[in-house]
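Quick note, the sequences are listed as chains A and B, same order.
Residue numbering for the first sequence follows my numbering, starting at 1 and increasing by one per position.
Residue numbering for the second sequence follows my numbering, starting at 1001 and increasing by one per position.
We put the beta carbon where it would ideally sit given N, CA and C, even for glycine.
To start, the structure itself, in structure tokens.
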Amino acid sequence: MTKAITVSGLHKSFGKTHALDGLDLTVETGEVHGFLGPNGSGKSTTIRVLLGLLRADSGAAQVLGRDPWADAVEVHRRIAYVPGDVTLWRNLSGGEVIDLYGRLRGGLDAARRADLIDRFELDPAKKGRTYSKGNRQKVALVAAFASDVDLLILDEPTSGLDPLMEEVFQRCVEEERDRGRTILLSSHILSEVEELCDRVSIIRRGRTVESGSLADLRHLTRTSVTAELAGTPNGLAHLPGVHDLDVQGHRVKLQVDTDKLDAVLRQLSESGVRSLTSTPPTLEELFLRHYQEEAAAR
Amino acid sequence: MSTLAAPQLTGTGILLRFALRRDRLMIALWIGVNALMVLSMPNSLKSLYGTPEERADLIHQVSTNASFRALIGPVFDTSLGALTAWRVGVYAGLLAAVMSLLIVVRHTRDEEESGRQELVASGMVGRRASLTAALLAAGVANTVLALLVTVGLAGQGAVGALALGLGVAAVGMVFATMAAIVAQLTESARLARGLTAAVLGAAFVLRAAGDSATDGGTSQAFGTGGGSSVLTWLSPLGWLENLRPYAAERWWVLLLFAAATLVQAAVAYELAGRRDVGMSFLPTLPHCLKGVGGTPMGPTIGRLGSAGALAWRLQRGSVYGWSVAFFLVGVVYGGLTDGVADLVGDNEKAREVFQRMGGQSGITDAFLASMVGMMGLIAALYVVGSVLRLNGEETSGRAEPVLAHAVGRLRWAGGHLAVAFGGSALIMLLAGLGFVVGYGEEAGPILGAALVQLPAVWVIGGLAVALYGLLPRAAPAAWGVAGAVLLIGWVGPALDAPQSVLDLSPFGHLPKLPGGEMSWGPVLLLTGLAVALVAAGLAGLRRRDLTT
């Protein structure tokens, strides 16, 4: 598979602030890639570099095989972008803006535009000043999804959408993926990321701290295990990788590093297992772990 | 590095059409007002100075008076065309420059600051396309203006009309490209506009200083002897007068405009290609207030504690600006008073106009009264702008969270209205003080004349409050009312408008001070009317829905 986006060792400073501090990012063609990180960790700066709006101080970035700064126009021909905070012109209608953005990308698919407006329940005749945040967001989403492009860059695109529209958004992303398009999705809505993304990258303080498929990442974290045993559990506390052990009579609750799960199960079965629930870590837990490290590092 | 390769300009056509579509009304208004000012001038000059002798007399007087040369520039010939070019040339250039800088900043820095540029730039849009489209939009506007002036003044001589039209448009383009540079330097559109306007102001002052220092040879043989001072040549507005429309045009001066425009455009292009979108070369605030990485910083702990304090915080910059401007204008016009009395004293018709504006008294008092009255008219613009801050706060959604706290609508509005109405009293007082400083006599009567304008100013402000409270969607119409009042007060007397028209403006009912009789009747009546309008507006505001 070819790469849609490759970024390595990206640095960008604003005065004394190091917004990007050696960031790496690889997005395969045809995948939906989640781009996560706490506020101010450098997600939007990275996206702006990928769009050629900012010039990186050092490091290499390639988007669709080209340099996003030098070949900005050529790259943009094949990209659609949706920012998290869409600002519209007060006296222009949503439809006018959709068509403007479409023309700036080399044309819209009219049938798809109509279909999307319908599905997002957007009134394109209203003036920009009358739209709520969610509706402004829809204007940018319709313009992006109706464009014939290879790569969609979405920067917190659903902030402000209601749950029904969130659902429509997720269907649209799946359709785009089925057509073979690549999507970079920056989001704080973890259920959305979990639902849609093939792989994710987590960044912190301008650096990539984790990158891989959700299964890979889960492997790096802990699984929670709750078991009801026939006998009294013993020896669990000495097993490597066991945390937060809580034994009450025959009931056991514990957290275990996922790659050490095997040993724990063997130990449990020695005492006779009556019931067992094991929950893989949610993305939320994964994420919180990194966020808390961020807080601790401060 | 500044290669203007095609990809840099991709999308320019679409953006240009889009800019013209967005600004069609604004550009049409700027062009219309400017052209109207220029094209109406031959007729009004003809009615004032019908014969060549009268005009020669006028020219002799204005050329020997340094203040007049400073304010309007030198005259180069006795024809109506030359007089028109003299009377309005610099001001038409100023208007074209302001129009151009507004257009350019609006489509460059404004778009970046608002964040809209980010989405636009993510399309197939070259790095220099927005700047090019903005400059082309300014180019289209200035070309139309040049055409209107050329065609409209052709009756006075087509060659001179072409020179004036081109000169005015060329000043516009010099400041369009100047604004293009400044827009690369600052992070805020407001600052970009302010800095470019400051350069324009400096250009005006340079020309004024140059023209007052030398008579440009005008008092001798027209259009031949002497030359402008170096200072005048440093100012694009000075180039305009040195183009000498209607007085043996010096076409080569156009080359100066062309060179300045091209050089500035090249600098702007170079800068535009070198920077990040949304970033700037200059920090937004002075170094001491600058935070990490040039981010503008404010106090960490806020002290604003009430809706009134917030209103003052939001409007104080504007109040300071108006105060300084009003004082300075007062000083300038106060200083001109004696010169004008000498000048106008001989011309029957001109004296009549001043007396219609300023009252039946000595020409000095009539001039003072008409100038103070003019300041009153302009103060009406201040009060409308200040009152409509309420509307701006409301429609932008910023009022909503304030009003969601334990702040009543009346208290919220009251803060802004105190700034609006109190501020207008302050600036008129300062204008009066300026006149006193400039003129040096009659302190009491002049201050009285300045303050007596307030009831009329307040009626206009009251009207704005009433519109805002009762018909919020129509609130911007208050600008129209202020504009109409300004027009009636400004050109009504010169155009021999009937009294019934002059009476439409609240300013028409004020006693003509200094010099005239003080009459309390209309003053109290207008004050009462203003109070009633404010009360009606506030009552409406309490009852209606907030617009969001």
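Cα-Cα separation between residue i and residue j, rounded to whole angstroms
i          : j          : result
B:Ala-1176 : B:Leu-1058 : 35 Å
A:Leu-236  : A:Val-242  : 7 Å
A:Ser-8    : A:Asp-24   : 4 Å
B:Gly-1081 : B:Val-1144 : 20 Å
B:Thr-1218 : B:Pro-1074 : Reliability fails at B:Thr-1218, whose pLDDT of 46 lies under 50, so the model's placement of it is uncertain and no value is given.
A:Ala-56   : B:Gly-1278 : 14 Å
A:Gly-30   : A:Glu-176  : 9 Å
B:Glu-1111 : A:Asp-162  : 28 Å
B:Arg-1473 : B:Thr-1395 : 10 Å
B:Leu-1053 : B:Val-1105 : With the sequence shown as reference, residue 1053 of chain B is identified as Glu, and Leu is not the correct amino acid for it. Roughly 47 Å separates the two Cα atoms.
B:Leu-1282 : B:Leu-1234 : 25 Å
A:Asp-109  : A:Arg-119  : 15 Å
B:Phe-1507 : B:Pro-1445 : 18 Å
B:Asp-1077 : B:Pro-1245 : 10 Å
A:Leu-261  : A:Asp-148  : 46 Å
B:Gly-1492 : B:Leu-1029 : 20 Å
B:Gly-1050 : B:Ser-1040 : 15 Å
A:Ala-215  : A:Ala-4    : 22 Å
B:His-1060 : B:Gly-1392 : 50 Å
A:Arg-204  : A:Pro-280  : 23 Å
A:Asp-257  : A:Leu-283  : 15 Å
A:Ser-44   : A:Ser-93   : 27 Å
Which residues DSSP lists as bridging residue i, in chain order
i         : result
A:Ala-80  : A:Leu-152
A:Gln-62  : A:Thr-6
A:Gln-255 : A:Ser-224, A:His-243
A:Arg-199 : A:His-33, A:Ser-213
A:Ser-186 : A:Phe-35, A:Asp-155
A:Arg-18  : Correcting the residue type first, residue 18 of chain A is His in the shown sequence and not Arg. According to DSSP, A:His-18 bridges with A:Ser-13.
A:Glu-194 : Partner(s): none; A:Glu-194 has no beta bridge.
A:Arg-204 : A:Arg-207
A:Ser-93  : A:Lys-127
8 Å Cβ cutoff met for residue i and residue j
i          : j          : result
B:Gly-1489 : B:Ser-1500 : no
A:Ala-72   : A:Gly-42   : no
A:Leu-217  : A:His-33   : no
B:Thr-1010 : B:Met-1124 : yes
A:Val-75   : A:Gly-106  : no
A:Ile-300  : A:Leu-50   : Residue 300 of chain A is absent from the structure shown; chain A starts at 1 and stops at 298.
B:Val-1088 : B:Val-1038 : yes
B:Asn-1142 : B:Gly-1172 : yes
From the options, residue whose alpha carbon lies closest to that of residue i
i          : options                                        : result
B:Gly-1321 : B:Gly-1423, B:Leu-1282, B:Ala-1265, B:Trp-1252 : B:Gly-1423
B:Gln-1184 : B:Ala-1265, B:Ala-1539, B:Gly-1434, B:Ala-1137 : B:Ala-1265
B:Ala-1311 : B:Leu-1095, B:Thr-1337, B:Glu-1241, B:Phe-1421 : B:Phe-1421
B:Phe-1354 : B:Thr-1010, B:Leu-1048, B:Leu-1147             : B:Leu-1048
A:Arg-181  : A:Gly-272, A:Leu-92, A:Cys-172                 : A:Cys-172
B:Ala-1399 : B:Ala-1379, B:Ala-1307, B:Met-1178, B:Phe-1257 : B:Ala-1307
B:Met-1518 : B:Leu-1377, B:Ala-1369, B:Leu-1487, B:Gly-1415 : B:Ala-1369
B:Gly-1273 : B:Asn-1065, B:Arg-1127, B:Ile-1014, B:Asp-1338 : B:Arg-1127
B:Ala-1169 : B:Asp-1211, B:Gly-1462, B:Leu-1471, B:Met-1099 : B:Met-1099
B:Ser-1188 : B:Arg-1116, B:Val-1140, B:Arg-1109             : B:Arg-1109
A:Asp-85   : A:Gln-267, A:Glu-156, A:Asp-115                : A:Glu-156
B:Val-1140 : B:Thr-1084, B:Ala-1019, B:Ala-1203, B:Val-1253 : B:Ala-1019
A:Gln-267  : A:Ser-201, A:Glu-285, A:Ala-227                : A:Ala-227
B:Arg-1409 : B:Val-1419, B:Leu-1426, B:Leu-1390, B:Ala-1425 : B:Leu-1390
A:Ala-80   : A:Leu-64, A:Ala-70, A:Leu-10, A:Asp-198        : A:Leu-64
B:Gly-1201 : B:Thr-1084, B:Arg-1316, B:Leu-1071, B:Val-1253 : B:Leu-1071
Collapsed DSSP secondary structure at residue i in the structure displayed
i          : result
B:Ser-1318 : helix
B:Gly-1291 : Its pLDDT being 41, under 50, B:Gly-1291 is placed unreliably in this model, and the coordinates cannot settle the point.
A:His-310  : Examination of residue 310 of chain A is not possible in this model, given that chain A is present from 1 through 298 alone.
B:Glu-1118 : helix
A:Lys-126  : coil
A:Thr-279  : strand
A:Asp-109  : coil
A:Thr-26   : strand
B:Ser-1228 : coil
B:Leu-1510 : coil
A:Val-86   : coil
CB contact below 8 Å: residue i versus chain E
i          : result
B:Phe-1507 : Although the question refers to chain E, the structure presented lacks it and instead comprises the protein chains A and B.
Proximity test, residue i beta-carbon vs the ligand SAM heavy atom, cut-off 7 Å
i         : result
A:Gln-267 : With respect to the ligand SAM, the structure offers nothing, as it holds no ligand at all.
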